[in-house]
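Residue numbers (the numbering used here), protein chains in the order written: chain A, 905 to 1232; chain B, -1 to 335; chain C, -17 to 361. All residues carry an ideal CB built from backbone N, CA and C; glycine is no exception. None of these values were measured; they are calculated from a predicted model.
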Amino acid sequence: MTDTIERRALTRDQLLNVYRMMRTIREFEERVHAEFATGEIPGFVHLYAGEEASAAGVCSNLDQRDTIASTHRGHGHCIAKGVDAGEMMAEIYGRRSGSCHGKGGSMHIADLSKGMLGANGIVGGGPPLICGTALAAKIKGTGGVSVAFFGDGGSNQGTTLESMNLACVWNLPAIFIAENNGYAESTASTWSVASDNIADRAAGFGMPGVIVDGFDFFAVHEAASEAIARARGGGGPTLIEMKFTRYFGHFEGDQQTYRGDEVARARAELDCLKRFADRVVQTGELAQADLDAVDADVAAMIDKAVDDAKAAPLPTRADLLTDVYVRY
Amino acid sequence: MARTITYREALNEALVQEMERDESVIVLGEDNAGGEGAPGDHDAWGGVLGVTKGLYDRFPGRVLDTPISESAFIGAAIGAATAGMRPVAELMFVDFMGVCFDQIYNQAAKFRYMFGGKAVTPVVIRTMYGAGLRAAAQHSQCLYPLFTHIPGLKVVLPATPYDAKGLMTQAIRDNDPVLFFEHKALYDLTGPVPEESYALPFGEANVVREGGDVTIVTMGRMVHTSLEAAEQLAAGGVQCEIVDLRTTSPLDEDTVLESVEGTGRLVVVDEANPRCSMATDISALVARKAFGSLRAPIEMVTAPHTPVPFSGALEDLYIPDAQRVVNAVKAVAEYAR
Amino acid sequence: MTDDRIVPVTMPKWGLSMRLGKITDWVVAEGDEVQAGDDLADIETDKIAGTLESADAGTVRRIVARAGEDVPVSGTIALLAPPGVSDDDLDAAVAQARAVIDAGVPDEAAEPIVETAEIGGRKIRYAGAGQDGDVVLLIHGYGGDRNSWLFLQEPLAAGRRVYALDLPGHGTSTKDVGDGSVDLLADAVVGVLDAIGASGGAVHLVGHSLGGAVAAAVAARDPRRIRSLTLIAPAGFGAEINADYLRGFAEAQTRRELKPIVAELFADESLVTRQLVDDLLAYKRLDGVATALRALLGTLVGADGSTQRIDSAAAIAALGDVVPVTVIWGSADRVIPPAQAESVPGATRRLIDGAGHMPHMERAAQVQAAIEEAIARAR
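So, in structure tokens, the structure goes:
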């Protein structure tokens, strides 16, 4: 994992897009962190700040044929797959104008029209569903792939292991992304995963396993693009393990006394946005001014999203009973 | 033309006709074809009790055997449903629900609501239930009450071949997740079934026998036990009205209440264990909404609060039989303050 | 029978597949005097409930079968005899009759043969009774099927070949009805006549309601082929029709909705048994039926939603004097007004007292007599 990894050339527009994607995630999560501390946001929130390169590096390779499933730490995947950030913010505030009309909340934001099968409140809930969407794509011949994001904690869940086997048995166009941020809740992944790496398990299932520096957008993008091409081409699943860390707690309110000082170091030396910016400015692909413009734009957009969410109406009693069934 | 076929054949016919009608219908489950990867015959089993026999060759690529990984393949069926397929997945014995329940009750059941109405999950999960085959505690349960309890799921229990075909057709065409319960002891039951396709609506109970003295509300295999009891009781001058719920979710409350308003007496017959069951559910419904019509306390005829025993001597005591139904009906019929 | 003054009352055959009937209630008791046409007993089969009328006058000397008992078709259920007949002779006759009842129905009892004709890309099913003689083809109405004739088909088959078909969209025929026009239905009837091989011989058509309009249309195409035309409460002879009934029948989704609608067909609403409603509901739930009924509704009822669209009078006029026409109507018909019988040009009219829109079910014996009269008159 050095800085000399060869990367596929992205166009100027593509580079701006992925920068915007990561910046949006970062600002969204930082803002939710600040707002949550005021006590205004209901329920449980799990923030993705620090891990942006994984969502962006993978999802920037996907199109409208493709489906992803996420975890309770799903805001980043939602934004990367194109879910509207304003609607997401409203959902987190429990408003009727939210992505799920206020009925799902942070852990259940989904947009099936964008191939986003949802954040999921159940650890390991996503991988079986992704086997299903991959099966559908295979039977229908759409060429689409399905990506299951899960954490180091989720990598130990029976559903995840069963899904990996099933995907290999059925040779599905599926990709398994293990986002190893070092902690499953409060316990270290070095302890809860018995093998040295999550990716080592891949061979046991009969698929390639790849380890990637999760702070390096370009490394992620490269590895993901190869795995996605393999899946699209009928070559079956891949397991990619991202190694990085999360900047915030397991949930907002987590005192994180189980951690060392890795966050300060990561923010200073490993941060994916900083590294991305340094690279593209150094190579001249983008100017600092371009990046600053995106930053300003995103900041304004997030401000508006929060203002709108706070002002938006709550769901009503009538909403309580709707949409349990298509037709009962 | 209605001809006489078995419950098993009626289910198979529904699957064939719906798979012909709609290419998004796929079938998956353990041994649903049988023989996958093995040197001998493909479609070796067609399902452990033969319900899916013949589908594998007739619909290439649409009938999938699975490894023994319920959480993965039931979850896959659910995921595929969100992506535009109409999967019919088999959970071989409902007793196995423990290893995949999350996918059913936390995922499939809740997508539509949690996602603000923006998901459609048209999955059918077929499963075998019920005692009587000496299959013992982990292969004989009636767990439909647990699924009935979950908002977002529909629960179906056909009692006859005619109902089996019509309800399976509806289940496949329905846009909500359906748990389809097939009693193991009913597969060989014969009855008249039209050759043509037809769908029976959910939430419509069937009055299988009219009578003015006592209402029996029941479902699944117990419909036949109740009919047997009703014959005996008729000889003694007590006329039973038997209401077959057909679906426990949605529930046809109106037919149940109408019947009790007519007879004033209710016996609920339910093969499941008694706590938090359909028996208690119907009893509470009637006690609340037809209290004024009741002329006797409500009686329940159910299995005991035990696992299903293995020995036939015990299993036959576990399963409610016609005599117990007769006794319960007589008790409410003869009740006077 | 030891004494030939003993007249057996037998279990009738209602419908080609009937093998057993259950007496639900005796109307008469031993010792009662009855006239021909009096009600004797209420009988239920797996398809229908009805009342057996006495064919003869006499004294009821013995009740042989009990209420609640299943009796094979043709089994003796009671004995009429004049006072002079001895008790010993009666007891012996009862014993013989009981032996037949107790023996039950043999499992290999013959099933009626249902034929299929391919007409215009549709499968049309029909079944026949009787060995030889004139051909009679019975054509049911909207929402009915060949079993609508179950009280008549066997009795009429004495000395005739009596057929009943399922029109497109009905029974077990193909449910697609295309444009749902009378012409399309008439094509099916003509196809069945061809299949029966009834081209040269004597063909009598009997049509009910919509089936009456179809029968008239078939006759008009080739009057020389049809020996007589009997119309029972036919469509197409006036503006008035109970469009609410037709719409209600097409749209009803549940037993609760359907029962009161079906009740409008009869003068005696107690004829609407649970079995009858269940069978209709099962029919309506077959794929394609909802579409068919709606298309046929458009044929029967005009754009105003309340008046008849069909003009059957024109078809009758086209017959000239070649085909004798009889029209039968129930005086209590709530679907098509009986007064429209007056608008069937040149027809012999038979009004059936106390019957609704289905006189061939409510007063089967009288309708049978009227049909036999119509057939005889044609010679």
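Which two residues bound the contiguous alpha helix (DSSP H) that contains residue i?
i	result
C/I30	Note, C/I30: premise wrong, no alpha helix (DSSP H); not H, not E.
A/H981	H979 to A984
C/L357	Per the sequence shown, residue 357 of chain C should be read as Ile rather than Leu. Per DSSP, C/I357 belongs to the alpha helix (DSSP H) from A346 to R359.
Looking only at DSSP bridge pairs, what is residue i linked to?
i	result
B/C238	B/V212
B/T64	DSSP output for B/T64 lists no bridge partner at all.
C/E35	C/D21
A/G1113	A/L1143
B/T245	B/V154
C/W8	C/A23
C/E15	C/T41
C/L62	C/V(-11) and C/V42
C/H186	C/V118 and C/S210
Note down the Cα distance separating residue i from residue j, rounded to an integer number of angstroms.
i	j	result
C/P94	C/G153	15 Å
C/S294	C/A337	23 Å
C/N224	B/L165	34 Å
B/N325	B/F308	26 Å
A/I909	A/R924	Reliability fails at A/I909, whose pLDDT of 44 lies under 50, so the model's placement of it is uncertain and the value that follows must be treated cautiously. Between A/I909 and A/R924, the C-alpha separation is close to 23 Å.
C/L247	C/A232	14 Å
C/A323	B/N10	51 Å
C/M(-17)	C/T(-8)	Confidence at C/M(-17) is low in this model, with a pLDDT of 48, below 50, so the placement of that residue should be treated as unreliable; the coordinate-derived value is given next. The alpha-carbon atoms of C/M(-17) and C/T(-8) are separated by roughly 14 Å.
C/G13	B/Y333	41 Å
C/A274	C/S163	11 Å
A/R930	A/R969	26 Å
A/R1136	A/V1049	6 Å
A/I1026	A/A973	12 Å
C/A217	C/V326	11 Å
C/S210	C/H122	17 Å
C/A60	B/I3	37 Å
B/Q347	B/A12	The first residue shown for chain B is -1 and the last is 335, placing residue 347 of chain B beyond what the model contains.
A/D907	A/V1185	In this prediction, A/D907 scores a pLDDT of 44, lower than 50, which makes its location untrustworthy; the coordinate-derived value is nonetheless stated afterwards. Using only the alpha carbons, I get a separation of about 15 Å.
B/L47	B/G27	13 Å
C/V283	B/Y196	27 Å
B/A0	A/G1055	56 Å
A/L1190	A/A1123	19 Å
C/T58	C/A249	30 Å
B/Y111	B/V25	26 Å
A/I1081	B/D172	34 Å
Any beta carbon of chain B sitting closer than 8 Å to that of residue i?
i	result
A/T906	Confidence is the limiting factor: at A/T906 the pLDDT is only 41, short of 50, which leaves the residue's position unreliable and the question unanswerable from this model.
C/T154	yes
A/P1217	no
A/I909	Unreliable placement is indicated for A/I909, whose pLDDT of 44 sits below 50; the coordinate value is still reported in the next sentence. No, because no Cβ of chain B sits closer than 8 Å to the Cβ of A/I909.
A/G1045	no
A/G998	no
Would you mind telling me which residues of chain B sit closer than 9 Å to residue i, beta carbon to beta carbon, in chain order?
i	result
A/V1049	Ordered by position in chain B, no residue passes the 9 Å Cβ test against A/V1049, which lies about 12 Å from the chain.
A/S1003	F113, G114 and K116
C/T236	P199 and E202
A/G1029	G73, D100, Q101, N104 and Q105
Beta strand (DSSP E) containing residue i: first to last residue?
i	result
B/K152	K152 to V154
B/P85	R84 to F91
Interface residues of chain D around residue i at Cβ under 8 Å?
i	result
C/L132	Protein chains in the displayed structure are A, B and C, and chain D is not among them.
State yes or no: is the beta carbon of residue i nearer than 8 Å to at least one beta carbon in chain A?
i	result
B/A227	no
B/N30	no
B/A70	yes
Taking CB distances under 8 Å as the criterion, tell me whether residue i reaches chain C.
i	result
B/P192	yes
Going along chain B in order, which residues have a C-beta closer than 8 Å to the C-beta of residue i?
i	result
A/T1226	G115
C/R256	V205 and E208
I want to verify the contact list: residues of chain A whose CB lies under 8 Å from the CB of residue i, in sequence order.
i	result
B/G218	Those do not exist, as B/G218 stays about 21 Å from chain A at its closest Cβ, beyond 8 Å.
B/T80	L1016, L1021, L1033, G1036 and T1037
Could you list which residues in chain C have their beta carbon closer than 8 Å to that of residue i, in chain order?
i	result
B/Y196	A264, R267, L268 and D269
For a contact meaning CB atoms closer than 7 Å, what does residue i contact in chain A?
i	result
B/A75	G1036
B/P248	Y1232
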